[in-house]
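Single-structure report; data block below.
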Amino acid sequence: MTTIEIGDPAREVLNQAPPLQPANLFELDGPLQEALDREGGDWGADLAREAGAIAGSVEATQHGRRAERNEPRLTTHDRYGNRIDAVELDPSWHWLLGGAVSRSIHSLPWREPQPGAHVVRAAMFMLWSNADAGVMCPVSMTYAAVPALRDAAPDLAAEWEPRLTAPDYAQGALAGMAMTERQGGSDVRANITRAEPAGGDTYELHGHKWFCSYPPCAVFLVLAQVGGRDGLLSCFLVERGPGMEFQRLKDKLGTRSLPSSEVEFRGARARLVGEEGRGVPAIIRMVNHTRLDCLLGSTTSIRRGTLEAIHHARHRTVFGALLADQPAMRNVLADLALESEAATAAALRVTRAYDEPGEGAFRRFATAVMKYWVTKRAAPHAAEALECLGGNGFVEDSGMPLLYRDSPLNSIWEGSGNVAALDVLRAIIREPEGLPAFLAECELAAGAEPRLDAHLRDLRGRLEQAFAGGGSPEERLYESQFGARRLVEDLALALQGSLLVRHAPAAIADGFCAGRLGGDRGRVYGTLPAGVDAAAIIDRAVPA
Ligand SMILES: Cc1cc2nc3c(=O)[nH]c(=O)nc-3n(C[C@H](O)[C@H](O)[C@H](O)COP(=O)(O)OP(=O)(O)OC[C@H]3O[C@@H](n4cnc5c(N)ncnc54)[C@H](O)[C@@H]3O)c2cc1C
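Under the numbering used here, the first residue of the sequence shown is numbered 7, with each subsequent residue one higher.
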């Protein structure tokens, strides 16, 4: 018989990183602090610090794990056969969502409109997303529903806004969105859900939605055709209740704490948002704000992966030296950190445009460009960050599998990769002020960094080539589609490069230009060229 005694080497835990929590995720994040300050949110530093402390606490981590483990359950009928459509959620879900609502992360700029409010809210959104990405879906949709209602249906806004913006989880209300149908998601014109006039300003909806996240929302903005198939595509507000029947919850790759459902409308009462036939412009106002949150959510994923990878590498010894001191690993960590710093700078710069009424053209264009790029970068970043932890990164306890599973979602939501890239092309042709406003922002760094100057020159040349030719706008749009992703990627890199050259320490700007602009570019993370100051980049991302 083998006896294991206290002090047995087999039981000694050696060469493992200590837990990261508790950590104040705001105080650890110098680039986020600086961006908050720079983009007009300096007055919100204490709010962000508080959110960062709680989101990085042991308690929040435990709630996040529990909400992911104890998945939501839909009960469609009671024991007697009556429809109840109730979703059972773990108490930890309510702790997490309630924490976001009580901090007004769903409503700050609408409740307290003041310069920098969107930026402060964005910083809190990013910090709170660390606790659980799933709860940020209803937070984001509620934030986004308010401007859509204000613009298109002021009477409905007046009726619902007090509850939608209240920092009160018990008494307030949340809003959802239902556009996607089985036969068409991105292509909303393929919708077949029917709206029948039912007297006064009300309609009845008949049809289905293939994705509808968070059934417990009090209201939903829904697209449907007045007059049936190929009718007038219109936007409606539907209160959850009779006639809105949830069929099942989706069995998803990630955000498993979040109930995402399929729903049928069987005569649900609806009120028009905007005019009949103007459903897309009405809901696009909402979508632009949720796209911003996709950008913020992926920025958090990239930041979190960077933080976890650097933390681990600073405590794990291999072949006689800390991982963080091994040259090949330093390249990987510095590359991950550059991605995080670039995403953070761009996310808050784009958000600032939501605070400034004169920046509408830049806001729309830059949101589309950066939503495409940063959400696309999140999944490979999460995979690489996970690998930095070796086998530990593949094990659930590390939190990295969760980060990895959640990471592709923001690129699918609200315009998948191609759709987002094509939106940018469409904006170049149809909204002639967007591209010049975007390029003007990039060129604020002109003359400061030759590699950025060369990138901008090349980009302008390719834009001219792609769009200057003859033919109708539709023909030009079609012809430029094959190169859409590459063009949008280079636009995104131009903005990130410009922001880092102007605002980041020299080592960051140099590393970004060396690794992302020009010909000497690797294809995976960890391929920065020689000469980059990896130590300075890593220490800035996570102070040693
Ligand atoms: C977890 C989750 C929650 C969701 N919640 C909601 C919700 O609450 N409400 C809601 O309405 N929807 C929701 N959705 C749906 C989501 O917004 C759609 O899945 C997404 O917009 C893509 O639409 P689709 O699935 O129909 O894909 P499709 O539109 O069929 O696209 C499939 C692929 O084709 C590409 N593609 C599309 N058009 C073109 C083109 N013209 N040229 C080249 N490529 C193209 C796309 O980029 C994509 O890669 C949710 C989805 C998920 C995964």
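A virtual CB, placed ideally from N, CA and C, is assigned to each residue, including glycine.
Here the structure is a predicted model, which is why all the values come from computation and not from measurement.
Leaving aside the five residues that flank Cys519 on each side, the residues in its chain whose CB is nearer than 7 Å to its CB run, in chain order, Glu455, Arg457, Leu458, Gly503. For a cut-off of 8 Å, the C-beta gap from Asn416 to Cys300 is around 4 Å, short enough to register as a contact. Counting along the chain, the unbroken alpha helix (DSSP H) around Pro287 starts and ends at 285 to 319.
Between Ser413 and Ser266, the CB-CB gap reaches or exceeds 8 Å. With respect to the 8 Å criterion, Val125 and Gly46 are classified as neighbours on the basis of their beta carbons. As summarised for the stretch 149 to 226, the continuous beta strand (DSSP E) elements at least 3 residues long and confined to that stretch are 181 to 184, 200 to 203, 208 to 219, given in chain order. Among the bridge pairs identified by DSSP, Val232 is matched with Ala201, Leu238. In its chain, beyond the 5 residues on either side, Leu499 have a beta carbon closer than 6 Å to the beta carbon of Arg522. For Arg457, the uninterrupted alpha helix (DSSP H) run begins and ends at 456 to 473, by DSSP. If you draw a straight line from the Cα of Leu95 to the Cα of Asp403, it is about 22 Å long. Proximity to Leu462 across Glu449, Ile435, Phe473, Glu470 peaks at Glu449, based on C-alpha coordinates.
Gln502: member of the alpha helix (DSSP H) spanning 490 to 509, first to last residue. By a beta-carbon distance limit of 8 Å, Ala163 contacts Arg156. Their separation comes to about 5 Å. His83 is bridged by DSSP to Arg89. In this structure, Leu114 and Ala123 form a Cβ contact; the two beta carbons are roughly 5 Å apart against a cut-off of 8 Å. Of all C-beta pairs linking the stretch 368 to 384 to the stretch 57 to 71, fewer than three are shorter than 8 Å, placing the two stretches out of contact. Per DSSP, the unbroken beta strand (DSSP E) holding Gly273 starts and ends at 266 to 279. The way I'd put it, the stretch 253 to 267 doesn't touch the stretch 284 to 296; fewer than three beta-carbon pairs between them come closer than 8 Å. As a beta-bridge residue in DSSP terms, Arg254 pairs with Glu268.
Remark: the shortest separation between the CB of Val141 and any heavy atom of ligand 1 does not fall under 7 Å. Between the alpha carbons of Pro78 and Ile90 lies a gap of roughly 15 Å. Contact check between the stretch 66 to 76 and the stretch 376 to 391: fewer than three CB pairs, one atom from each, fall below 8 Å, which does not count as touching. Val269 is the residue among Pro203, Thr171, Val269, Leu170 whose C-alpha sits nearest the C-alpha of Glu187. Cβ neighbours of Arg277 within its own chain (closer than 7 Å, five residues either side excluded): Leu162, Asp207, Thr208, Phe242, Leu243. Closest option to Leu42, judged by alpha-carbon separation, among Arg370, Ala353, Pro222, Pro386: Ala353. Inclusion of Cys218 in the 7 Å shell around ligand 1 follows from its C-beta lying nearer than that to a non-hydrogen atom of the ligand.
The three-state secondary structure of Ala536, taken from DSSP, is coil. The C-alpha of Gln487 is placed about 10 Å away from the C-alpha of Asp429. In this structure, Phe473 lies away from Phe368, with their beta-carbon atoms at least 8 Å apart. Contact between Ile543 and Leu344 is confirmed by a C-beta separation of about 6 Å, below the 8 Å threshold.
CA-CA distance, Thr82 to Asn88, rounds to 8 Å.
A straight-line Cα-Cα distance of about 20 Å links Ala51 and Leu313.
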